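Take a look at the structure below.
Numbering (the numbering used here), first residue to last: 2 to 160.
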């Protein structure tokens, strides 16, 4: 109970504070704790505030997307930012069995309109808008995408 209260206090304090690696390190460590309440509070602290955008935090949230507790999965999905490193995790959770996980995933995506709607073109080995990149990745996972094939933003066969 004491650890849970301590991590809740730390998570709440990081919201209004400037970024401090001293605050991020304990939250990252507690995000893999054996007690679900401690993991939940730590993940909540990692999903918001200044620590939410660091690469180590995003890697920890991607790992928590596979947590045995659905509540923690949902918290992790809400804080996960869409990036080349996290696209596979995001795509794999779109059809999650738990509705809470799917809801928080889409809530998190709605906080990132450039990633969810297409936004500016980015170049990660190819110059494609994000939705097309998602479709290609999904088709690759299903074994239906062939290299060199074109996938338009409006094609209906992708999903």
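Every residue gets a Cβ at the ideal spot worked out from N, C-alpha and C, and that includes glycine. Remember, predicted model here, so these are calculated numbers, not experimental data.
- Collapsed DSSP secondary structure at residue 113 in the structure displayed: Taking the first residue of the chain shown as 1, we reach residue 113 at position 112. If DSSP states are grouped into helix, strand and coil, residue 113 belongs with coil.
- Item | Cβ separation of residue 79 and residue 109, assumed to be a contact under 8 Å, to the nearest whole Å | Looking up residue 79 in the chain shown gives position 78. Looking up residue 109 in the chain shown gives position 108. Sure, about 4 Å apart at Cβ, within 8 Å.
- Do you know how far the Cα of residue 100 is from the Cα of residue 72? Within the chain shown, the letter at position 71 stands for residue 72. Within the chain shown, the letter at position 99 stands for residue 100. Approximately 11 Å, taken between the alpha carbons.
- Item | Start and end residues, alpha helix (DSSP H) containing residue 14 | Taking the chain shown and counting its residues from 1, the one referred to as residue 14 is at position 13. Residues 3 to 17.
- Message: Within the continuous alpha helix (DSSP H) that includes residue 186, where are the two ends?
- Response: No statement about residue 186 is possible, as the shown extent of the chain runs from 2 to 160 and does not include it.
- Task: Identify whether residue 50 lies in helix, strand or coil by the three-state DSSP scheme.
- Result: Here residue 50 corresponds to residue number 49 of the chain shown, with the count starting at 1. In this structure, residue 50 counts as coil in the three-state DSSP scheme.
- Item | Which listed residue (46, 18, 22) has its alpha carbon closest to that of residue 5 | Position 4 of the chain shown holds residue 5. It is 46 whose Cα lies nearest to the Cα of residue 5.
- Quick one: using the 10 Å Cβ neighbour count with 16 as the cut-off for buried, is residue 112 buried or exposed? Residue numbering aside, residue 112 sits at position 111 when the chain shown is read from its first letter. So residue 112 ends up on the exposed side.
- Query: From residue 13 to residue 96, what distance separates their C-alpha atoms?
  - Reply: For this step, residue 13 is matched to residue 12 along the chain shown. For this step, residue 96 is matched to residue 95 along the chain shown. In this model, residue 13 and residue 96 are separated by some 31 Å (Cα to Cα).
- How many Å lie between residue 61 and residue 89 at the Cα? Position 60 of the chain shown, counting from 1, holds the residue named residue 61. Position 88 of the chain shown, counting from 1, holds the residue named residue 89. Roughly 15 Å between the two C-alpha positions.
- Task: Keeping to the same chain, check which residues put their C-beta closer than 8 Å to that of residue 19; ignore five residues upstream and five downstream.
- Result: Translated into positions along the chain shown, residue 19 becomes position 18. Excluding residues within five positions, the ones whose Cβ falls inside 8 Å are 51.
- Exposure label - residue 15; buried when at least 16 CB within 10 Å: Counting from 1 along the chain shown, the entry for residue 15 is found at position 14. That one is buried.
- Query: Taking the alpha carbon of residue 76 as the point to measure from, which residue in 17, 37, 23 has its own alpha carbon closest?
  - Reply: By 1-based counting over the chain shown, the position of residue 76 is 75. When each option's Cα is compared against that of residue 76, the closest is 37.
- Task: State the DSSP-derived secondary structure class of residue 42, mapped to helix, strand or coil.
- Result: Along the chain shown, read from residue 1 onward, the residue named residue 42 stands at position 41. Helix, per DSSP.
- Item | Run of the alpha helix (DSSP H) containing residue 90, from where it starts to where it stops | Translated into the one-based positions of the chain shown, residue 90 becomes position 89. It spans 88 to 94 - the alpha helix (DSSP H) in which residue 90 sits, taken as one unbroken run.
- Could you tell me which of 70, 57, 103, 26 sits nearest to residue 40, measuring between CA atoms? Translated into the one-based positions of the chain shown, residue 40 becomes position 39. Residue 40 has its Cα closest to that of 70, out of 70, 57, 103, 26.
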